[in-house]
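Novice:
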Amino acid sequence: MRVRKVVETLPSYTAGASRPGAIKLSSNENPLGPSPLALKALQDTAATIHRYPDGACRALKEKLAELHGLSPDWYVIGNGSDEVMLFIAGAFVDRGASVVTGEHTFSEYTFATRVFEGEVRYAPMQEGRFQLEEILARIDASTRVVFICNPNNPTGTYLSHEELTSFLEKVPGDVLVVVDEAYREYVEARDFPETVELLKDHPNLMVLRTFSKVYGLAGLRVGYGVAHPQVIRYVGRLKPPFNVNLLGQAAALAALDDEAFVERSRAITREGKAFLYGELSRLGLFYYPSEANFVCFRVEGSSQEAFRALMERGVIIRPLDSFGLPGWMRVTVGTHEHNTAFIAALEDYLRTRRT
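Going by the numbering used here, the first residue of the sequence shown is number 656, and it counts up by one from there.
1. Tell me, please, whether the stretch 782 to 790 touches the stretch 913 to 931 by the rule of three or more beta-carbon pairs shorter than 8 Å.
2. Does DSSP put glutamate 849 in a helix, in a strand, or in coil?
3. Could you tell me the alpha carbon to alpha carbon distance between valine 740 and threonine 995, rounded to whole angstroms?
4. Okay, do the stretch 927 to 939 and the stretch 861 to 871 touch, 3+ Cβ pairs below 8 Å being the bar?
5. Looking at the structure shown, is arginine 925 part of a helix, part of a strand, or coil, going by DSSP?
6. In whole angstroms, give me the CA-to-CA distance for isoleucine 794 and valine 755.
7. So, with DSSP's three-state summary, where would you put valine 679?
8. Of all the options His759, Phe766, Glu763, Ala796, which has the alpha carbon lying nearest to the alpha carbon of alanine 778?
9. For the candidate residues Tyr841, Gly745, Ser815, whose alpha-carbon lies nearest to that of arginine 799?
10. Relative to the C-alpha of isoleucine 972, which residue among Arg659, Gly671, Leu665, Gln786 is closest?
11. Helix, strand or coil: which one does DSSP assign to isoleucine 732?
12. Just tell me which of Phe847, Phe997, Val658, Gly979 has its CA closest to the CA of proline 809.
13. Around the C-beta of aspartate 913, are 16 or more other C-beta atoms found within 10 angstroms, so that it is buried, or is it exposed?
14. Does DSSP put aspartate 835 in a helix, a strand or coil?
15. Which residue or residues does DSSP assign as beta-bridge partners of phenylalanine 949?
16. Taking 8 Å as the cut-off, decide whether the C-beta atoms of asparagine 898 and asparagine 734 are in contact.
17. What's the call for glutamine 885, buried or exposed, on a 16-neighbour Cβ count within 10 Å?
18. Expressed to the nearest angstrom, what Euclidean distance is found between the alpha-carbon atoms of phenylalanine 962 and glycine 927?
19. Helix, strand or coil: how does DSSP classify valine 739 here?
20. Comparing alpha-carbon positions, which option in Val869, Thr765, Val954 lies nearest valine 986?
21. Please list the terminal residues of the continuous beta strand (DSSP E) segment that includes serine 753.
22. Could you give the residue range of the alpha helix (DSSP H) that holds valine 890?
23. Flag alanine 711 as yes if its beta-carbon sits less than 8 Å from any beta-carbon of chain D, otherwise no.
24. In its own chain, which residues sit with a C-beta less than 6 Å from the C-beta of serine 753, not counting the 5 before and 5 after it?
25. Which of helix, strand or coil does DSSP assign to valine 658?
26. By the three-class DSSP mapping on this structure, what secondary structure does glutamine 781 have?
27. Count Cβ pairs between the stretch 680 to 697 and the stretch 820 to 827 that sit closer than 8 Å; are there 3 or more?
28. Buried or exposed, going by whether 16 or more other CB atoms sit within 10 Å of the CB of valine 658?
29. Determine which residues share a DSSP beta bridge with cysteine 804 and list them.
30. Would you tell me roughly how many angstroms separate the C-alpha atoms of alanine 882 and leucine 931, rounded to the nearest one?
31. My understanding is that phenylalanine 771 touches asparagine 807, with C-beta atoms under 8 Å, so please give their C-beta distance in whole angstroms.
32. Does the beta-carbon of isoleucine 704 have 16 or more other beta-carbons within 10 angstroms, so that it is buried, or is it exposed?
33. Note down, in chain order, each residue of its chain lying with its Cβ closer than 7 Å to the Cβ of leucine 715, except the 5 sequence neighbours on either side.
34. Tell whether a beta-carbon distance below 8 Å holds between phenylalanine 847 and tyrosine 813.
35. What would DSSP say about glycine 874, mapped onto helix, strand or coil?
36. Does DSSP put proline 974 in a helix, in a strand, or in coil?
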């Protein structure tokens, strides 16, 4: 068999750790579970799974367009927003092309770029934040795409409206700027950009969103990109006919109407972050204030050591070595019971380490 050379260089996906009975706070999932309206839609749709789904995801596109004041041709729907990242790379990246992103951010940007043999350029970050001037300095004639995660995974930091709009004015028009807003629904900062509203003035801008986080549909894999119709036409050529299954489409469509569930999810996250901030401060650990549903903090010693110690105590969180942040960890905001169990495990580990 003649495998593409790049395939030999791609690392295999390593699944996250699991332990029976452990509290899992490592993947930024919604601790409340899925949207109740989405669950009802699943029950109502289950009897029709012998049929193929709508390959164009028309109903979901129409609903999103109604919410955003756009038309359906501004959308592409993916099997999770990470599939849309592959569509983007497939449409714009090839050998000799470069992509620019931050040094401590979501790894899928790198993976998608490398699949299509592009070069990834990493801009340094400060205090967990994207440094937009550093990104601009790395853009040249070979650059096709810039990926920005806002709020950023894993740090929870964000770029303001003023910062993003100023940046967009400076980026060459033939470079696609992709703003990944997977955690947008959790944001409370008043100066956070309404990025979808910027699309009509910036035809080289694309926004990614997901149903995996606040809507609680991570297991169904539904995400989307919204951009100028010409961008969508290019990206859409990479999309398989039935990439989003029937149940996923039905659940996502229903979840968009579940405003009460979204607000409950935001409230439990708000309360949980306040609790975690106070407890991490009490334990003498530095953290970044977060606009997402997780908190990034610096642990004493090795993050891998802390990860193993916490798992032994029944709590799984994420060490951030793979993000280029050794000594840092990310914990998902859970229910109050989850959060208190995490703090108890962390305090016990620190007590053992400090004595």
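Just so you know, even glycine gets a beta-carbon here, dropped at the ideal spot from N, CA and C.
Specialist: Concretely, from the data shown:
1. no
2. coil
3. According to the sequence provided, residue 740 is methionine. The question's valine does not apply to it. Roughly 36 Å between the two C-alpha positions.
4. no
5. Arginine 925: helix per DSSP, three-state reduction.
6. 7 Å
7. Checking the displayed sequence, the identity of residue 679 turns out to be lysine instead of valine. Looking at lysine 679 - three-state DSSP - the assignment turns out to be strand.
8. His759
9. Gly745
10. Gly671
11. strand
12. Gly979
13. buried
14. strand
15. Thr987
16. yes
17. exposed
18. 21 Å
19. helix
20. Val954
21. Membership of serine 753 in the beta strand (DSSP E) is indicated by the continuous run 753 to 757.
22. 884 to 891
23. The displayed structure is made up of one protein chain only, and chain D is not part of it.
24. The beta carbon of serine 753 sits closer than 6 Å to the beta carbons of Glu774, Arg776, Ser797, Thr798 from its chain, once the five residues preceding and following it are set aside; these are given in chain order.
25. coil
26. strand
27. no
28. exposed
29. In the DSSP assignment, the residues bridged to cysteine 804 are Asp835.
30. Taking the straight line from one Cα to the other gives about 36 Å.
31. Wrong, their Cβ atoms sit about 24 Å apart, outside the cutoff.
32. Exposed, because fewer than 16 other Cβ atoms sit within 10 Å of the Cβ of isoleucine 704.
33. Ile732, Gln904, Ala907, Leu908
34. For phenylalanine 847 and tyrosine 813, yes; Cβs fall inside 8 Å.
35. helix
36. In this structure, DSSP gives proline 974 an extended state, which the three-state scheme calls strand.
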